[in-house]
Structure formats: structure tokens, C-alpha cells
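Chemist:
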Amino acid sequence: MLLEDISAPITTLAGIGGKTARHFHKLGIRSVGDLLQHYPRDYEDRSTFTSLAEAHATGKATTVATITLMDYIGKPSNPVLRIFINDGTELAALVCFGRNFLSRKFSPGMKVFVSGQFEMRYGKLQSTRFIIEPYTESPKEFGKILPIYPTTEDLPQTILRSAVEAALRQYLPLLDDPLPPSLLAARSLPPLPEALAAIHFPPDRDALTRARTRLIYQELFFLQVIVVRAAMKRKTQLQAPVHFPRTLQERLRRSLPFPLTPDQEKVLEEIYADTTSPRPMARLLQGDVGSGKTLVALLAALPYIEAGHQVAFMVPTELLALQHAETAHTLLSPFGVRTALLAGTLQPAARRTLLSAILRGEVDLVIGTHTLFSDDVAYRNLRLAIIDEQHKFGVSQRARLLEKASHPDLLLMTATPIPRTMALTLYGDMDMSTIKTMPPGRKPVRTHLAVLGKEEKVYTWVEKELEKGHQAYFVYPLIGESEKLELRNAESMVEFLRRRYPRWKVALIHSRIPDEEKERIMREFMQGKIRILVATSVIEVGVNVPTATCIVIEHAERFGLATLHQLRGRVGRSDRQSYAFLVYSPDLTEEAKARLRTMKETTDGFLIAEKDLEIRGPGDLLDGTIQAGHLRLRIAHLTRDAPLMHEVRKDVEALLARDPGLLRPEHTLIRTLIERTDKEPAL
Ligand SMILES: Nc1ncnc2c1ncn2[C@@H]1O[C@H](COP(=O)(O)OP(=O)(O)OP(=O)(O)O)[C@@H](O)[C@H]1O
1 MLLEDISAPI TTLAGIGGKT ARHFHKLGIR SVGDLLQHYP RDYEDRSTFT SLAEAHATGK
61 ATTVATITLM DYIGKPSNPV LRIFINDGTE LAALVCFGRN FLSRKFSPGM KVFVSGQFEM
121 RYGKLQSTRF IIEPYTESPK EFGKILPIYP TTEDLPQTIL RSAVEAALRQ YLPLLDDPLP
181 PSLLAARSLP PLPEALAAIH FPPDRDALTR ARTRLIYQEL FFLQVIVVRA AMKRKTQLQA
241 PVHFPRTLQE RLRRSLPFPL TPDQEKVLEE IYADTTSPRP MARLLQGDVG SGKTLVALLA
301 ALPYIEAGHQ VAFMVPTELL ALQHAETAHT LLSPFGVRTA LLAGTLQPAA RRTLLSAILR
361 GEVDLVIGTH TLFSDDVAYR NLRLAIIDEQ HKFGVSQRAR LLEKASHPDL LLMTATPIPR
421 TMALTLYGDM DMSTIKTMPP GRKPVRTHLA VLGKEEKVYT WVEKELEKGH QAYFVYPLIG
481 ESEKLELRNA ESMVEFLRRR YPRWKVALIH SRIPDEEKER IMREFMQGKI RILVATSVIE
541 VGVNVPTATC IVIEHAERFG LATLHQLRGR VGRSDRQSYA FLVYSPDLTE EAKARLRTMK
601 ETTDGFLIAE KDLEIRGPGD LLDGTIQAGH LRLRIAHLTR DAPLMHEVRK DVEALLARDP
661 GLLRPEHTLI RTLIERTDKE PAL
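Under the UniProt record's numbering, the letters of the sequence shown match residues 1 to 683, in that order.
#1: Mind checking which residues open and close the alpha helix (DSSP H) that includes Arg283?
#2: Would you call the stretch 443-454 and the stretch 528-546 touching, i.e. three or more CB-CB distances under 8 Å?
#3: On a Cα-Cα basis, can you pick out the residue from Ile67, Phe106 and Phe201 that is closest to His38?
#4: Which value, in whole angstroms, describes the spacing of the CA atoms of Gly336 and Thr276?
#5: Would you say the beta carbon of Arg337 comes nearer than 6 Å to a heavy atom of ligand 1?
#6: What beta strand (DSSP E) runs, 3 residues minimum, are completely inside the stretch 51-99?
#7: With distances taken from each beta carbon to the nearest heavy atom of ligand 1, which residues come in below 6 Å, in chain order?
#8: Compute the distance between the beta-carbons of Gln347 and Val296, then report whether it is under 7 Å.
#9: Go through its chain and collect everything with a Cβ distance to Thr66's Cβ below 8 Å, but skip five positions before and after it.
#10: Whole angstroms are fine: how far does the CA of Arg283 sit from the CA of Gly605?
#11: By DSSP's criteria, Asn489 is part of a beta bridge. Which residues make up the other side?
#12: Could you compute how far the alpha carbon of Thr589 sits from the alpha carbon of Leu449?
#13: Taking Asp176 as part of the beta strand (DSSP E), name the residues at either end of that continuous run.
#14: If you scan the stretch 102-157 from start to end, which runs of the alpha helix (DSSP H) of 4 or more residues do you find wholly inside it?
#15: Evaluate Leu621 with the Cβ neighbour count: other Cβ atoms within 10 Å of its Cβ, from every protein chain shown; 16 or more gives buried, anything less gives exposed.
#16: Out of Leu382, Arg229 and Val64, which has the shortest C-alpha to C-alpha gap to Arg658?
#17: How many angstroms separate the CA atom of Leu673 from the CA atom of Leu27?
#18: So what's Arg383 in DSSP terms, helix, strand or just coil?
#19: Check for me: the beta strand (DSSP E) holding Val311 runs from which residue to which?
#20: Classify Tyr122 as buried or exposed, calling it buried when 16 or more other Cβ atoms lie within 10 Å of its own Cβ.
#21: Could you spell out the range, first to last residue, of the beta strand (DSSP E) harbouring Ser433?
#22: Determine the extent of the alpha helix (DSSP H) in which residue 729 is found, giving its start and end residues.
#23: Over what stretch of residues does the alpha helix (DSSP H) that includes Asp327 continue unbroken?
#24: For the candidate residues Lys518, Ser482 and Leu252, whose alpha-carbon lies nearest to that of Thr330?
#25: So, at 6 Å on beta carbons, what are the nonlocal neighbours of Ile386 in its own chain, with the 5 sequence-adjacent residues on each side left out?
#26: For ligand 2, I want to know if Thr275 counts as a neighbour, meaning its beta carbon is within less than 6 Å of at least one of the ligand's heavy atoms.
#27: Candidates Gly528, Ala53 and Leu596: which alpha carbon is nearest Gly469's?
#28: Going by C-alpha distance, which of Ile608, Phe24, Val32 and Arg104 is nearest Gly560?
#29: Closest to Phe106 by C-alpha separation, out of Tyr135, Glu456 and Val652, would be which residue?
#30: What's the C-alpha gap between Lys611 and Lys19?
#31: Beta carbon of Ala340, beta carbon of Leu322: below 7 Å?
#32: Return helix, strand or coil for Leu35, following the three-state DSSP convention.
#33: Let me know the secondary structure DSSP gives Ser227 once reduced to three states.
#34: Measure the C-alpha to C-alpha separation of Ala490 and Arg30 and round it to an integer number of angstroms.
#35: Ignore the nearest five residues each way along the sequence and tell me which others in residue 684's own chain have a CB closer than 8 Å to its CB.
#36: Give me the residue from Leu175, Glu219, Ala57 and Lys140 with the minimum Cα distance to Ser7.
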């Protein structure tokens, strides 16, 4: 039986009734299989004993002692039991606040195990935080390393421990190991049942380390099997050869008022090589905010269009779809390219008309959000799917777009650079292109920090920029007032800013504004009619208004590093000097301080991504990608375990080279587990 298949509800374990089960449910534990994979977050080592005498120096002891005396202290109306113990090295008092019931279990003269925190009180060692157990040959909580589980207030460690103990007793003998013995032997890893037993109740530190390594290895192993197989599969899916002319691409390039940067040139060639290859393209284009990815994507689309194919360009927000559609229209329509925006706001009749145009092949380039893969959208001959800010889409959304054609070329773009180790894991089957350099003449955005209360200086600075004809963004963490948080919000600040800057038009944009209204506001902002845009982080991705030179982010401490970097990327998109002002409230957490410091110190998106990972862990980057379903990493950590990942990768490549279909008997269980994840395609 596979661990993942132990579906018996936890209530089948002795001692877990409906009420306790509900507490387990809160932790996401429903089945015995879930329980066994609920790994300890830490351990308490009671495997070695330390004497009471040592507690003078260390403040703690785990010892075997004899009860010498028991008495009560405090008011007679509210007595507190006190137990005196002696372990031959020292005397100590255990003060039993709220635990007078211990008097029923213990009496003077008894031998006991005791573990606790001790301090000197009135010249004696004393503990109020301790555990005590009668001395026996097989103690429950002594002489071993005890697991400490992630839990809620209602579910004490003792209940979790005995549930896991019962589950191990009942199911370990039935458990199959998905990893073949030869692989385990080569890496000196213990079999699964042994590893599971030791991760929960380690007999010693060594066994714990080996168990952890084994379980981490297994999670990374399955991840890599998926990634490596996807890469192998792609190599075998060949497309019919087509000639992809570059005349339009060349004409657009020549019509641009600027030359492409060397990085843009290089990437464009890399993409074209994929385009003409019989193997479907799977390429991730990384480039910092404003480095000119969108332009490259549009250029890359032209050979497809010229060859008579369709291109779909998927973006995460309506706002961005609108903007890209305008850019695409302006750049491409002079060459006869038919572009269309499949907006969420289209009236049913207009939508029907557009859909049938797409189906008849009368549209060359369709831009939209996830609407692009709604059930009613069908393409005539989709050959390239471009997905912008791909990490904002879930795995299944991406997969559905790909279902609209047989093996279309896939170009993913991201302005959130993905650190190397992570890239290897998530996109190990994809080719990478990177735009490192910015277009010439760009001046790095100057970033200033201002504590709340000193923001007037910032407002004055913005005023000077507005006087030069430039535009500004003001960003707030909340749309409207919140009962819980005393924060400035966009709705009330827009009023304030209108009074503060009476000469200029100020508008408000956020996710609750109807889409048509959003479109109108964005258009007026692009045209320079609106000079100040007050917003939430909806403007985070991709908004491109080169004449905007200032961004003021208030309560900057409330935004994550990746978001701050993206927001800052809204300015500095031309050769004008731009400014970002991060206004923060006093009383910053250490983490918030680190974020703001990083923002002040660097504008390099790659550095920021690394820092982000350091400060916060991989969190968001993985959302909807790895954390989904069977791929969930419960114990492995992509950055921490990067060295192991490289080893795993080698093993997986070797194994799949020998047995690509996982058909050998010793690989049957691997195949079973992988076939399940195939139902949630990983891209
Ligand atoms: N080689 C170049 N020289 C000068 N300007 C350029 C060049 N390439 C692109 N630009 C301009 O730079 C601005 C940003 O480009 P683009 O929107 O393509 O960047 P991006 O990488 O997609 O940005 P984001 O990640 O913020 O969406 C645009 O106004 C674009 O016209």
C-alpha cells in the first residue's frame, strides 16, 4: 500500500472521536495517510539525562528523582500543590499551578522521571514548567527524542503523538516503498517504513538525519521525474515543418524609433530558432521590469502571423490586457496584422462576433486574461501561446490554454526573476532566455524612504515633477477604510490629493472599479489627461506609461519585496530621471526594515529576488505550481535543499534514460504516482 493511499479516516484510530477529529481537520489532516505525512516541526530531546545540579548553569534538567515531600502553598481558598524531588545531586521544588490533580498520581517516596525549566527561587531550585511521569522500564515521554508537531491550541502534542504512534503501529507493516531498493542502496537511504518511523519517533539523532534526507529525497525525486519526463516528451513531439518568414518582423524592427538592445536581439534569435525547430518551443523569458520583454514578444509573434498562424497572448489582469492590446494595435496594425482584445467586459453579442472571427482565423493576435481559454473560445490554428507574468496563473489555467491547440509553442515571460535553483526545479524542462540590460539612456530610479509624518517633503517633490509635465502614481495598501487596520487608503487619500494638487486631474483606480471605467481612466492617464493615478497594487504588473516619473508608495512596509519592485518598475521607463518614494509607518518589524533597506540599496531585480527568497522563503513563487496537489512539498525546501536536488536530478536522468516509460517492475509504483500527477499537468 502507498502512503498516499491510506485513506482511512483518522477516526478509525483508537481514541480519536468526532470532536478531536475536527481539530485534526483544521490542520488539514483527514486521513491516516495525511497524519503520517504531518511531519514534526521540531523535536525535544529527552534521550539524554542531565542532573538537577546542572540546572544551576543551564536552567533545565531531565532526570530521575525521588519525591521527598508534597505540600500546599498559597491561600487556603486557592492552594497550590508543591512536589519536592531529589535526584542525588540536588533538591528542587515543582510548583503545580493548576495541576493539583497530580497529588492523586504521586506520593512521597515514589521514583519519577522529571523534565523541566528550573530557576533559583528563595535559595532553592524551582520549576513551574515541567513534566513528570512515574518511573518505569518503558517510559512514555522519557529516554527518547519527542516530536513537536505543528498544531493548533485545541490539539495538544500528546494527542498528536499517540495518534501518530497508533497509525505507525497499524500501517507501517502494510506500507510499500515507491523507491526501488537499488536506488536507496546507492544513496544509503533507509526504506520508507523505517524513515517514517524515525521522522516521528527518532531513536537517535543519526537516524533522524537519515530519515529526513530520505523523505526530502523522495519529494525532490518525484518533482524531478515530472520535470525530466516533460522535457523528454517535448523532444518527441514534432511539429510539421513550416516556413516562418521574417519580413514583417524586420519591417517592425526598422520602424521602431530605437534599436533593440543586444539582449533583445539575442533573445529574439533564440526564440526564432525555437520557432523554426520541429520541436515545440517551451521557453521562459526573464527580464527585469521595463527591460523590453513585451516588445520582444510582439516581434517574436510576427513570423507566426506572417506564416498564417494565430497567436494568443495571455496576461494576468484586464488592465494589462487593455494596455498590451493598445500597444499591439499601434505597432502591428500598420503591417496589416489583425489584433483583438478579448475583454471580460464584452457584451454577449460582441463577444460572439469576436469568437467567430477567431474561429474563422480573421484575427491574428488575440490578447486577454484567462478568458482566452474559456470553453467557448476556439482557435482556427493557434501555434504560439505567450503567457505574461506566468507565475500569476495556476498550472491548470496554463494547461487549458495549451489544450486549445496540439503542441503550440509556448513562450512564458516573467519580470520576477527566478533564482537559479528554483528555475531548475520549476522550469527544468524549459529553455531560458534572459534580458539583463535595460534600454540605453535609462536612469536607475532613485528611491527615497520617508517616515510617515515627513511625507509633505515627498508631496512637494512630486509637485515639481508635475510642473515639468510628468505624471505620478500614489499607491495604498487598502481600497477603503478598514475597521481592523488604521491605514491610509486609496479612497480617502484621493480626496486629500485632489485638494493637495488642485491644478491637476487626479483619478482613482482599483479592482472594484468597473472594467469600462478602468479602461477609460487608464486611457486618459496614458494620454496625460489624468496626471495623478491613485491606486492599489492593481497597477503592479506591466503598466507602461513612460511619462510617469514618480511613484509614492504609502505604508510601503505592508508590501512584499517582489511587489515593491514591480511597483517601482512603473516609473523609470524612459530616459527621464524617475523617483520612488517609500513612505513607511514607524515601528517596523525587522523583516519590513530589511525589505525597505533592500529597495533603497538596489534596483536589480535579480538581486531583489534572491533577497526576497532569503527574507521570506520561496512562498509566492511556488503558488499554484508546486504547492498543488500531489506535488506538495511537505519537508523539502527548494533553496535549502538545492545541493541534494542536483544529486536527485542526476539519479532521475539516469533512471529515465534506462527506463523512459517506467515500465520495469521495480518502477511500477513510481509510475502509479506519476500518472496521478499527469492529471494535473506541470509546466
Ligand atoms: N531597445 C529599446 N530601446 C528603447 N526603448 C525600448 C526598447 N525596448 C523597449 N523599449 C521601451 O521601453 C518600455 C518598456 O518596454 P516593455 O513594456 O516591452 O517592457 P517589459 O519588460 O515588458 O516591462 P514590464 O516587465 O514592466 O511589463 C516601452 O515603452 C518600450 O517601448
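Heads up, the beta-carbon is just placed ideally off N, CA and C, and yes, glycines get one too. These numbers come from a predicted model, not from an experiment.
Modeler: So, from the data block:
#1: Counting along the chain, Arg283 falls outside any alpha helix (DSSP H), though it belongs to the beta strand (DSSP E) covering Ala282 to Gly287.
#2: no
#3: Phe201
#4: 23 Å
#5: Looking at the sequence itself, residue 337 is Val, so the reference to Arg does not match. No.
#6: 60-73, 80-86 and 91-96
#7: Phe258, Leu260, Thr261, Gln264, Gly287, Val289, Gly290, Ser291, Gly292, Lys293, Thr294, Leu295, Ala415, Pro439, Gly542, Asn544, Pro546, Gly569 and Arg573
#8: no
#9: Ile85, Asn86, Asp87, Gly109, Met110, Lys111 and Val112
#10: 20 Å
#11: Leu478
#12: 16 Å
#13: Careful: Asp176 lies outside any beta strand (DSSP E) and carries neither H nor E.
#14: 102-105
#15: The predicted model places Leu621 with a pLDDT of 44, which falls under 50 and marks its position as unreliable; any figure quoted below should be read in that light. Counting Cβ neighbours within 10 Å, Leu621 comes out buried, since at least 16 surround it.
#16: Arg229
#17: 24 Å
#18: strand
#19: Gln310 to Met314
#20: exposed
#21: Asp431 to Ile435
#22: Outside the shown range of the chain (1 to 683) lies residue 729, about which nothing can therefore be said.
#23: Note that residue 327 is Thr in the sequence shown here, rather than Asp. Where Thr327 is concerned, the enclosing alpha helix (DSSP H) stretches over Glu318 to Leu332.
#24: Leu252
#25: Ala297, Phe313 and Leu411
#26: In the structure on display, ligand 2 does not appear, and the ligands it does have are ligand 1.
#27: Gly528
#28: Ile608
#29: Tyr135
#30: 43 Å
#31: no
#32: helix
#33: The displayed chain sequence assigns Val, not Ser, to residue 227. Three-state result, Val227: helix.
#34: 42 Å
#35: No information on residue 684 is available, as it lies outside the stretch 1 to 683 that the chain covers here.
#36: Leu175
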